[in-house]
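Numbering-wise (the working numbering), the sequence shown opens with residue 3 and increments by one. Heads up, the beta-carbon is just placed ideally off N, CA and C, and yes, glycines get one too. First up is the structure itself, then whatever we jot down about it.
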Amino acid sequence: MKINDSIFLIDGAEFDSNMFCINNELLIDCGSGMFIKETLDQMEEYGLDPKKIKTIVITHAHFDHCGGTREWKRITGARVLIHERDREALESGKGTLVETYEIPYEPPKADKTLKEGDIIKTGKYSFEVIHTAGHTPGGICLWDSDNKILISGDTLFIEGVGRTDLEGGDDNSLKKSLQKIKNLGDIEILLPGHGAPASRRNIYAKDAIKKALDSI
Ligand SMILES: [Zn+2]
């Protein structure tokens, strides 16, 4: 799905996360790695060249978001960034839920870790790293305050918030993280890790997001 001229949503197959490709140089999340071909086909449809991707950001180390990282790194040659507190899970597989779902996992290496306040720039966008623990210890959202775009991983969806009952999950941390998101102010475009993206102009989505943020 084309979000605007420079942001594309690459739909995940089955339980794959959403992937977002921004300016054809920044890739957010890598899906499970089980449907790489389908994903590459979508990129081709949108006229995107995987070889131009320079940076891969993993919103958190669950296999449905990071299982494909090693392969995407090979395809693109991009550097891989993840929050420091999810790095170990990414690089070992432990805590990514692969064991629970008995899914093969080829651990990738992160090239750099991220922390609260780091900035990732691409074209007219300047994304600030917001550390949003709760779903996992090192989950992050990316916030572009000029364009009011929030890439929310599994912390916030249109109709709900991230689960905290999985390994590494924590209710209290999620509460604090949602408060941080509330403090950002109006979100113009929400790009969540699963399900449909939303625009503020969609009143239904706006109300649903507000409800989700107030839910815990
Ligand atoms: Zn997750």
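Cβ of residue i within 8 angstroms of any heavy atom in ligand 1?
{"i": "aspartate 172", "result": "no"}
{"i": "histidine 62", "result": "yes"}
{"i": "histidine 67", "result": "yes"}
{"i": "aspartate 113", "result": "no"}
{"i": "glycine 162", "result": "no"}
{"i": "aspartate 156", "result": "yes"}
{"i": "histidine 137", "result": "yes"}
{"i": "glycine 49", "result": "no"}
{"i": "glycine 119", "result": "no"}
{"i": "glycine 195", "result": "yes"}
Skipping 5 residues on each side, what residues in its chain have a beta carbon closer than 7 angstroms to that of residue i?
{"i": "isoleucine 205", "result": "none"}
{"i": "valine 163", "result": "Thr157, Leu176, Leu180, Ala214, Ser217 and Ile218"}
From what residue to what residue does the alpha helix (DSSP H) around residue i run?
{"i": "glutamate 40", "result": "38–47"}
{"i": "threonine 115", "result": "It is not in any alpha helix (DSSP H) - threonine 115 instead sits in the beta strand (DSSP E) that spans 114–116."}
{"i": "glutamate 73", "result": "71–78"}
{"i": "aspartate 209", "result": "205–215"}
{"i": "histidine 196", "result": "Looking at the DSSP string, histidine 196 is not in any alpha helix (DSSP H), and its letter there is neither H nor E."}
{"i": "leucine 11", "result": "Per DSSP, leucine 11 belongs to no alpha helix (DSSP H); it is in the beta strand (DSSP E), 9–12."}
{"i": "threonine 102", "result": "100–103"}
Short of 6 angstroms in beta carbon distance, which residues of its chain neighbour residue i, apart from the five on each side in sequence? Order them along the chain.
{"i": "threonine 78", "result": "Pro52 and Ile55"}
{"i": "isoleucine 151", "result": "Ile191"}
{"i": "aspartate 173", "result": "Thr166"}
{"i": "asparagine 25", "result": "Ser8, Thr124 and Gly125"}
{"i": "alanine 207", "result": "Ile160 and Ala200"}
{"i": "leucine 116", "result": "Leu83, His85 and Val131"}
{"i": "arginine 72", "result": "Glu108 and Pro110"}
{"i": "isoleucine 122", "result": "Phe129"}
Is residue j closer than 9 angstroms to residue i when the C-beta atoms are compared?
{"i": "isoleucine 60", "j": "cysteine 32", "result": "yes"}
{"i": "aspartate 13", "j": "methionine 36", "result": "no"}
{"i": "glycine 97", "j": "threonine 41", "result": "no"}
{"i": "glutamate 86", "j": "proline 110", "result": "no"}
{"i": "glycine 141", "j": "glycine 119", "result": "no"}
{"i": "tyrosine 107", "j": "glycine 49", "result": "no"}
{"i": "isoleucine 153", "j": "leucine 193", "result": "yes"}
Take residue i and list the residues in its own chain whose beta-carbon comes closer than 8 angstroms to its own, dropping the five residues that flank it on each side.
{"i": "alanine 80", "result": "Leu29, Ile55, Lys56, Thr57, Ile58 and Trp74"}
{"i": "arginine 202", "result": "Lys150, Asp188, Ile189, Glu190, Ile191 and Lys208"}
{"i": "glycine 229", "result": "Past the boundaries of the shown model lies residue 229; the chain is included only from 3 to 218, so the question cannot be answered."}
{"i": "alanine 135", "result": "Arg87, Gly141, Asp172, Ser175, Leu176, Lys178 and Ser179"}
Counting along the chain, where does the beta strand (DSSP E) carrying residue i start and finish?
{"i": "serine 147", "result": "No beta strand (DSSP E) contains serine 147, which DSSP labels as neither H nor E."}
{"i": "histidine 133", "result": "127–133"}
{"i": "arginine 81", "result": "81–85"}
{"i": "cysteine 32", "result": "Here cysteine 32 belongs to no beta strand (DSSP E), and DSSP marks it neither H nor E."}
{"i": "phenylalanine 22", "result": "21–24"}
{"i": "lysine 123", "result": "121–124"}
Counting Cβ pairs closer than 8 angstroms, one from the region 184–196 and one from the region 145–152, do we hit at least three? yes
Is the region 161–175 in contact with the region 34–50, if contact means three or more CB pairs nearer than 8 angstroms? no
Whether or not the region 100–118 and the region 39–48 are in contact is what I'm after, with contact meaning three or more pairs of Cβ atoms, one per stretch, closer than 8 angstroms; do they touch? no
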